[in-house]
Structures are given as C-alpha cells and as structure tokens.
Amino acid sequence: MSISYQLLIVGGGAAGLATASSLKKRNPSLDIGIIEPDNRHYYQPGWTMVGAGVFDKQETCRDISDVWPKGVSRVKGAVESFEPENNHVILDDGKRIGYEILIVAAGLKLDWDAVEGLTDSLGKDGVTSNYRYDLAPYTWKLVREMEGKEAIFTQPPMPIKCAGAPQKAMYLSCHHWQRRGQLSDMKVSFCNAGPVLFGCATYVPPLMEYVKRYRINLDFNSNLIKIDGSAKTAWFRVSEEGAETKVVERRFDMIHVCPPQSAPDFVSDSSISNQAGWVDVDHETLQHNKYENIFGLGDVTATPNAKTAAAARKQAPIVAENVISFLSGGELKPLYDGYGSCPLTVENGKIILAEFGYGGQVMPTFPWDSTKARRSAWFLKKSVLPAVYWRAMLKGREWLTATTKTG
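Okay, so the sequence shown: first residue is 5 according to the numbering used here, each after it adds one.
Here it is in structure tokens:
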C-alpha cells in the first residue's frame, strides 16, 4: 500500500524543514510529508566554532522531534530512487510514496572514500575535519596541543558545502598558534584543488592580508588523493600550467581535510539530475527544468551559488511561494538571486562577512564595508545566527529573507 502527500519533501535538513515551515505559515491546511532517516538535526555552520573551542559540539545538535514543523508528517526512511513520471519516490525498503508536488532538499554527500586511506585515518594521528560532528572537537584538541611544525589544510574541487570552511579552520588555528608564540616556527599550508583563494574576487585582497599575517603557504591546483595517518604522510595531485601533472608526497603533524563532495547517489543516478548529478532546477524560480511539479533547494541543486545555510534560508520562502502559486495555476514570481553568506572567521573575535550572489555580485545585508574584518560580525556569527537558525529559519519566521519578484 502506497502513501501519498499533497507536498512531499525529500530531506529534513535546514532547507527541507525551513521550506515546510514556510509553506505551513502560508497555508496551514497543506498536506505535507518529509522523508528523513536521521533522528538528530545539526546546526552545521557551528562546527567551525567547535573546531576552534568556541562552541561545545552539543550546542549544534538537537533531537529532530524538537525542530520538526507542526502539522507536518514524517516518513522515516532513506530514498532509493525517483519515479517522476509516476509522481512517486521509492524508499530503500521498497515503500512507494506518492506526491502532487515534490520538493528535493536532500543536501549533498561527503565522499570520504574518494581519498584513499582517509576514512581509516580520520580522528587519530593528527587527521581531522570540521565537516563531521564527531571530529570537530578533535580539531580543537590538535590545535590546542600542537607541538609539531607542519600543518596542512585541504580543499577539494568545487562545488563544496560552505567554500570558506576550510579557510575558516586554518585562520582560527593560526590565530591560536600566533597568540601562543609558536606560529613563527611552523609551516602552514593551504592545499587547494582550485586555482584561487576564494570564489568571490572582492574578498580575496582582505583574505590575502591574513594569509600574509599568518605566513600561510598557498598551494593551488593541489588536490589530496591519498593519506596515511600512521605515517603522517599525504599525497597530492598537483597540476601546473604548461607542465605535466605530478603526485607530491608531503609530511604533516596535523592535517585538516575537507572531503570531496557530490550529490547523493539516489539523486545523481536519477532522471531529475543534470549531467553533473545535481537537481536540475531553474536558477531563479527553483522549479525543475523538465518536471514542472518538482522544485529543489539547498545544497543538492545545480544552482551556481555558494552552498550555505544562508542560501537555503533565502531559498525556502521562494520555493514556498512558488509552490503555492503553482498549485493555484499562478505565475512563479519570486526569484532567487544567488545570495549566499560566508562568515569568514579570520581570527578569534573578528569575521569578514562575505555576502554575494550570482556572478560574484557583492550583496551586503548591513550598511558597512563587508570586506573589513569586524567584531560585530563575530558577534553575529557567535550569538545571533544560531538563534536565527533555531528560532526563526526552522520555524518559518523569515527574517532578512525578502524575495525578489519578477517585473
């Protein structure tokens, strides 16, 4: 026997829950179901602060029942595949869930196994990552107890969740080592698979000032492919213009790894994805380009914006309004402008609040020069944004989310 919902949401993360709450706020009578296998919900932007000893990891985790939208049904399970022609989602236990409208907010996959030896090395021998709830405290332990000379921070090929996160860990670590007077004797390297420090060019000059302050070595086009924690050795595939690609072996005392990332397999293997594997939606309306009763938002979509919680916060009311318009046969008016926010923690107590949209357009929320490192932005990151997340975004209270309408 199949179950069916008027609106079915795949994913009970930030994007999925925010969209459900936004829909219920607009029309409490809507029949909504969310497919979500996990019993815990995480405030993932807080893990950078856990890795710097600012937050305890428990502050970033709640039971999912505590954040579940009122009046929304839960389908506890994992998606196996989609049947968009029949308006069905198939779960891994064989259950078929029907829908009138499908909203895909499935997040992305952290592909730890894409780096040889990484899975077995994590959490010991100086190998860590703020991209995992259980490992972020180990980052702080390594930083606090660091006695070695070699520290490496990695970034894989784009796209990734919160492109600034690998740098955030690096800057906060360097600031701690600098205050302890040990940074001058260390070699800190940023091994980035890409060719630039940060995707929005406006913020590169102020970030370079911190790179110079902390004496960080920038190794671009350097992609981590293998790691042996017990041997304290990592291997990088390095490509240089005009030269053959080579594999470089490097020693480390501590290495912070950002894993390669992709859409979940059940998305990338389906007919709702584009060639790169992401949900193929219109970049502005967030409606699927082939199946008009499917919408997508958050990290899983093919939209060329920064994959951040701030992007999902902006996208949720846009999807909610457009879904309701679609149900009534109306025009899809709210448009997503690519807004994303990346609070770059350049030191403990100061942040460069990078805010930008499609095409690298700078989109500051506040009337200040957003390229400057500010204590007020640190307060925003540390004290305001977590409250906005738990008490507003997940509850359908749409602060600072004004939508753009078509003309």
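Backbone N, C-alpha and C define an ideal beta-carbon position, used for all residues, glycine too. A quick note: this is a predicted structure, and the numbers were derived from the prediction, not measured.
Notebook entry, point to check: Looking at the structure shown, is N196 part of a helix, part of a strand, or coil, going by DSSP?
Noted result: For the purposes of this step, residue 196 is taken as residue 192 along the sequence shown, with counting starting at 1. DSSP, reduced to helix, strand and coil, places N196 within a strand of the structure shown.
Next item on the list: Just confirm the distance between the C-beta atoms of F240 and C195, as a whole number of angstroms; I'd bet it's less than 8 Å.
Entry: Working through the sequence shown from its first residue, we reach residue 240 at position 236. Working through the sequence shown from its first residue, we reach residue 195 at position 191. At roughly 6 Å, the Cβ-Cβ gap stays under 8 Å, so F240 and C195 are in contact.
Next item on the list: Could you pull the start and end residues of the alpha helix (DSSP H) that L331 belongs to?
Entry: The count along the sequence shown starts at 1 and reaches residue 331 at position 327. Note, L331: alpha helix (DSSP H), 313 to 331.
Next item on the list: Scan the segment 213 to 268 and note each continuous beta strand (DSSP E) run of 3 residues or more that stays entirely inside, going in chain order.
Entry: The segment 213 to 268 contains these whole beta strand (DSSP E) runs: 220 to 224, 226 to 232, 237 to 242, 250 to 255, 258 to 260.
Check: Under a three-way DSSP split, which group does P390 fall into?
Finding: If you number the sequence shown from 1, residue 390 lands on position 386. Looking at P390 - three-state DSSP - the assignment turns out to be helix.
Check: Nearest CA to the CA of A377: which residue from F270, H287, A313, P210?
Finding: As a position in the sequence shown, residue 377 is number 373, starting the count at 1. Among F270, H287, A313, P210, the Cα nearest to that of A377 is on P210.
Note to self: Within 8 Å, do at least three Cβ pairs link the segment 126 to 139 to the segment 322 to 340?
What the structure shows: No: the two stretches stay apart, fewer than three of their Cβ pairs being nearer than 8 Å.
Check: Does the beta-carbon distance from I132 to T143 come in below 7 Å?
Finding: Mapped onto the sequence shown, residue 132 falls at position 128. Mapped onto the sequence shown, residue 143 falls at position 139. It should be pointed out that residue 132 corresponds to Thr in this sequence rather than to Ile. T132 places its beta carbon less than 7 Å from that of T143.
Item checked: R100, DSSP secondary structure in three states -> Position 96 of the sequence shown, counting from 1, holds the residue named residue 100. The answer is strand: DSSP assigns R100 an E or B state.
Note to self: Mapping the DSSP letters down to three states, classify S8 as helix, strand or coil.
What the structure shows: For the purposes of this step, residue 8 is identified with residue 4 of the sequence shown, where counting begins at 1. Residue state, collapsed to three classes: strand.
Margin query: Looking at K28: is its Cβ nearer than 7 Å to the Cβ of E120?
Written below: Translated into positions along the sequence shown, residue 28 becomes position 24. Translated into positions along the sequence shown, residue 120 becomes position 116. No.
Note to self: Between which residues of its own chain and K385 is the CB-CB distance below 6 Å, once the five residues before and five after are set aside?
What the structure shows: For the purposes of this step, residue 385 is taken as the residue at position 381 of the sequence shown. The beta carbon of K385 sits closer than 6 Å to those of P347, I355, all from its chain and outside the five residues before and after it, given in chain order.
Check: With C-beta atoms as the reference, is L336 less than 7 Å away from T305?
Finding: Here residue 336 refers to the residue found at position 332 when the sequence shown is read from its first residue. Here residue 305 refers to the residue found at position 301 when the sequence shown is read from its first residue. No, the Cβ-Cβ distance between L336 and T305 is not below 7 Å.
Next item on the list: Within its chain, find whatever has a CB closer than 7 Å to the CB of L146; leave out the 5 residues flanking it on each side and keep chain order.
Entry: On the sequence shown, position 142 is the one that residue 146 refers to. G130, T132, M258, listed in sequence order.
Check: Which whole-angstrom value describes the C-beta separation of M397 and A22, a residue pair presumed to lie in contact below a C-beta threshold of 8 Å?
Finding: Mapped onto the sequence shown, residue 397 falls at position 393. Mapped onto the sequence shown, residue 22 falls at position 18. Sure, about 5 Å apart at Cβ, within 8 Å.
Note to self: So, does the segment 76 to 87 touch the segment 46 to 61, judging by three or more C-beta pairs under 8 Å?
What the structure shows: No, because fewer than three Cβ pairs between the segment 76 to 87 and the segment 46 to 61 fall closer than 8 Å, the two stretches do not touch.
Item checked: Residue(s) in a DSSP beta bridge with L305 -> Here residue 305 refers to the residue found at position 301 when the sequence shown is read from its first residue. Note that residue 305 corresponds to Thr in the displayed sequence, not to Leu. Per DSSP, V283.
Next item on the list: Just the C-alpha distance for A205 and G300, rounded to the nearest angstrom, thanks.
Entry: As a working note, residue 205 is residue 201 in the sequence shown. As a working note, residue 300 is residue 296 in the sequence shown. Going by the C-alpha atoms only, they are around 28 Å apart.
Margin query: Judging by CA-CA distance, which residue of R379, C65, P160 is the nearest neighbour of Q48?
Written below: The residue given as residue 48 occupies position 44 in the sequence shown. When only C-alpha atoms are compared, the closest one is C65.
Margin query: Assuming R78 is part of the beta strand (DSSP E), what are its boundary residues?
Written below: Residue 78 sits at position 74 when you count from the first residue of the sequence shown. That run of the beta strand (DSSP E) goes 77 to 79.
Notebook entry, point to check: DSSP state of G363, grouped into three classes?
Noted result: Walking along the sequence shown from the start, residue 363 turns up at place 359. Three-state result, G363: helix.
Margin query: Taking DSSP's pairing of strands, which residues face H92 in a bridge?
Written below: Start at 1 with the first residue of the sequence shown, and residue 92 comes out as number 88. Paired residues: E87, G102.
Notebook entry, point to check: Quick one, are the C-beta atoms of T375 and C262 less than 7 Å apart?
Noted result: Counting from one through the sequence shown, the residue named residue 375 turns up at place 371. Counting from one through the sequence shown, the residue named residue 262 turns up at place 258. No, the Cβ-Cβ distance between T375 and C262 is not below 7 Å.
Notebook entry, point to check: Thinking C-beta only, is N221 closer than 7 Å to S193?
Noted result: Walking along the sequence shown from the start, residue 193 turns up at place 189. Walking along the sequence shown from the start, residue 221 turns up at place 217. A contact, by the Cβ cut-off of 7 Å.
Margin query: Ignoring anything shorter than 4 residues, give me the alpha helix (DSSP H) runs that lie fully in the segment 108 to 145, in order along the chain.
Written below: Runs of the alpha helix (DSSP H) lying entirely within the segment 108 to 145, each at least 4 residues long, are 122 to 125 in chain order.
Margin query: Relative to the C-alpha of D189, which candidate in E154, F202, R217 has its C-alpha closest?
Written below: For this step, residue 189 is matched to residue 185 along the sequence shown. Nearest neighbour of D189 by Cα position, chosen from E154, F202, R217, turns out to be E154.
Check: Considering only C-alpha positions, which residue in the set S387, D115, G17 is nearest to P41?
Finding: Taking the first residue of the sequence shown as 1, we reach residue 41 at position 37. Of the listed residues, the one whose Cα sits closest to P41 is G17.
Next item on the list: Classify I7 as buried or exposed, calling it buried when 16 or more other Cβ atoms lie within 10 Å of its own Cβ.
Entry: On the sequence shown, position 3 is the one that residue 7 refers to. Around the Cβ of I7, a 10 Å sphere holds fewer than 16 other Cβ atoms; the residue is exposed.
Notebook entry, point to check: Residue range of the beta strand (DSSP E) that Y46 falls in?
Noted result: Residue mapping note: residue 46 aligns to position 42 of the sequence shown, counting from 1. Under the DSSP assignment, Y46 falls in the beta strand (DSSP E) whose first and last residues are 44 to 46.
Check: Under 7 Å, do A432 and L12 count as touching if we go by C-beta distance?
Finding: This structure leaves residue 432 out entirely; the chain is present only between 5 and 411.
Next item on the list: Please say whether G361 and G342 have beta carbons closer to each other than 7 Å?
Entry: Sequence index remark: in the sequence shown, residue 342 carries index 338 (1-based). Sequence index remark: in the sequence shown, residue 361 carries index 357 (1-based). Yes.
Next item on the list: Could you check the C-alpha separation between T410 and Y340 for me, to the nearest Å?
Entry: Taking the first residue of the sequence shown as 1, we reach residue 410 at position 406. Taking the first residue of the sequence shown as 1, we reach residue 340 at position 336. Model confidence at T410 stands at a pLDDT of 43, short of 50, so the residue's coordinates are unreliable; what they give is reported in the following sentence. Each residue's Cα considered, the two are about 10 Å apart.
Note to self: Using DSSP's beta-bridge definition, name the partner residues of Q159.
What the structure shows: By 1-based counting over the sequence shown, the position of residue 159 is 155. N196.
Check: Got a sec, what are the start and stop residues for the beta strand (DSSP E) R66 sits in?
Finding: What you label residue 66 is simply residue 62 of the sequence shown in a count that begins at 1. Taken as a continuous stretch (DSSP letters only), the beta strand (DSSP E) holding R66 covers 65 to 67.
Note to self: Spatial neighbours of G400 within its chain, please: C-beta separation below 6 Å, excluding the five flanking residues on both sides.
What the structure shows: Looking up residue 400 in the sequence shown gives position 396. For G400, where only same-chain residues beyond five positions count, the Cβ hits under 6 Å are S25, S26, K29.
Checklist line | 7 Å Cβ shell around T408 - same chain, five flanking residues per side excluded | finding: As a working mapping, residue 408 is identified with position 404 in the sequence shown. Here T408 scores only 46 on pLDDT, less than 50, and its place in the model is too uncertain to base an answer on.
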